[in-house]
Amino acid sequence: MDEQLIKMQNSYIKQHNDLMLEYMKEKDVASMSGRLLRRWGKEKKPELTNRIQKLQEQSQIQLLI
């Protein structure tokens with residue numbers, strides 16, 4: 028009986044540890060995703076949009092010449 032209880036306890040502890048590890052990994056992924064999304068919205072998207080707009084303006088000027 029004692030051996031069976033120890034096995035159950037070890038099984039519970041392993042499951043708990045596995046779930047906590049998965050939780051922490053997923054939390055890190057979500058955090059990184061948030062940082063990357065913020066970077067996209069505040070840095071990369073405006074920069075790339077401006078570069079595209081400048082290129083389009085240069086093309087229009089060359090077409091007029």
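Its first residue numbered 28, the sequence shown is counted upward by one per residue in the numbering used here. Yeah, the Cβ is synthetic: ideal placement off N, Cα and C, and Gly gets one too.
- The C-alpha of glutamate 70 is placed about 10 Å away from the C-alpha of threonine 76.
- The alpha-carbon of leucine 46 is positioned some 31 Å away from that of tryptophan 67.
- In the three-state DSSP reduction, methionine 35 falls in the helix class (H, G or I).
- Shown here, methionine 47 sits in a helix according to DSSP, grouped into three states.
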